[in-house]
């Protein structure tokens with residue numbers, strides 16, 4: 001390891017200023033120029049030129065040393081841990097104390113991104129576990145209780161006098177609608193079809209349910225022969241597609257939506273696009289930031305932007321990880 005004898009930044013500035021003034025003083029002392037008791041115009045010009053040269057030289061030398069600090073400051077003000085890979089290039093830092101500062105800053109970002117990824121993974125895993133628990137309780141407890149209520153109402157309706165039949169039928173319809181809503185909520189919380197039938201069937205069911213609930217048609221395009229994803233990546237793809245469709249229904253004012261899965265080399269590409277009014281420069285909301293956090297968990301590249309023909313496009317490229325890396 002090479003030993004460094006670089007001075008702190010403060011002493012570097014002092015040294016640069018001192019060197020410039022020493023050189024300027026020596027130049028004036030050794031030059032034939034003299035200054036009268038009362039400075040004449042020609043002497044004033046010489047002094048002004050000398051001062052200008054010293055200032056310009058000092059500015060150029062300081063700029064060379066301090067410019068990387070300006071770049072580092074701009075980077076610090078715009079860094080977003082949900083957009084990994086933002087670093088200050090070591091080539092732009094020069095050498096010495098500034099280079100060490102840039103290296104420390106980049107190492108800090110590496111550590112923060114790793115810690116955020118780990119904490120986000122733990123938080124999202126806990127969220128999914130809680131979703132699964134609530135979905136089971138809705139299905140097994142509330143769903144079964146409503147089923148018992150429906151069966152009881154049917155028995156009562158069969159034995160009730162005709163004047164009560166219409167009222168009992170309305171109560172049955174209300175209970176049946178509540179049971180259907182409980183089942184829909186349970187499916188949204190934990191898509192059982194994803195575990196039972198796989199990602200493509202889950203996305204197809206999601207699109208059908210979306211159209212049924214919102215009236216927006218969804219054009220589906222699932223390429224054949226897609227590489228298999230691990231369970232965590234499949235869940236991320238499903239949740240991002242779910243959030244993309246939800247945003248299209250709530251915010252875009254779209255008349256149709258596209259949902260597709262395709263292959264790009266050894267990666268799977270999810271695309272959710274609509275023909276609405278686009279983002280219009282809006283900041284990322286909680287939904288988009290949630291999608292970015294999920295994408296980071298599986299090393300996916302997520303991009304959300306406006307389409308050239310109008311509307312919004314969510315595009316996520318999910319790498320296929322070797323089985324040894326899964327878990």
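In full-length UniProt numbering, the protein residues as written are 1 to 327.
From the three backbone atoms N, C-alpha and C, an ideal C-beta is built for every residue, glycine too.
Identify which residue in the options has its Cα closest to the Cα of residue i.
i, options, result
"residue 224", "304, 264, 275 and 101", "264"
"residue 22", "45, 58, 49 and 236", "58"
"residue 252", "302, 286 and 311", "311"
"residue 180", "69, 215, 314 and 143", "143"
"residue 138", "187, 170, 99 and 122", "187"
"residue 285", "154, 247, 140 and 145", "247"
"residue 240", "226, 213, 117 and 294", "294"
"residue 271", "220, 13 and 226", "220"
"residue 16", "26, 48 and 54", "54"
"residue 410", "68, 119 and 146", "Here the chain covers residues 1 to 327 and nothing more, so residue 410 does not appear."
"residue 173", "195, 163, 149 and 185", "149"
"residue 229", "119, 321 and 72", "321"
"residue 328", "178, 269, 71 and 146", "Look at the range of the chain in this structure, 1 to 327, and you will see that residue 328 is not part of it."
"residue 318", "238, 258, 289 and 233", "233"
Near residue i, which residues of its chain fall below 7 Å by C-beta distance, leaving aside the five closest residues on each side in sequence?
i, result
"residue 110", "none"
"residue 205", "193"
"residue 190", "131, 132 and 135"
"residue 327", "With a pLDDT of only 40 at residue 327, under the threshold of 50, the placement of this residue in the model should not be trusted, and no figure is reported."
"residue 254", "216, 248, 274, 275, 276 and 311"
In chain order, what residues of the same chain have a beta carbon less than 6 Å from the beta carbon of residue i, not counting five sequence neighbours either side?
i, result
"residue 243", "287 and 291"
"residue 309", "none"
"residue 245", "210"
"residue 314", "244, 272 and 304"
"residue 117", "296"
According to DSSP, what are the bridge partners of residue i?
i, result
"residue 312", "306"
"residue 130", "Beta-bridge pairing links residue 130 to no other residue."
"residue 262", "269"
"residue 68", "Paired residue(s): none; residue 68 is not in a bridge."
Excluding the five sequence neighbours on either side, which residues of its own chain have a C-beta within less than 8 Å of the C-beta of residue i, listed in chain order?
i, result
"residue 197", "none"
"residue 20", "54, 57, 58 and 61"
"residue 5", "Any reading at residue 5 is ruled out, since the residue's pLDDT is 48, under 50, leaving its predicted position unreliable."
"residue 153", "168, 171, 172 and 175"
Count the other CB atoms within 10 Å of the CB of residue i; is the residue buried (16 or more) or exposed (fewer)?
i, result
"residue 316", "buried"
"residue 161", "exposed"
"residue 305", "exposed"
"residue 266", "exposed"
"residue 126", "exposed"
"residue 114", "exposed"
"residue 123", "exposed"
"residue 274", "buried"
"residue 112", "exposed"
Please check if any C-beta of chain D sits within less than 8 Å of the C-beta of residue i.
i, result
"residue 131", "The chain labelled as chain D is not found in the depicted structure, where only one protein chain is given."
- Message: Give the list of continuous alpha helix (DSSP H) stretches no shorter than 4 residues that lie fully inside the stretch 189-226.
- Response: 192-197 and 199-214
- Message: At 4 residues or longer, what runs of the alpha helix (DSSP H) sit wholly inside the stretch 109-179?
- Response: 143-159
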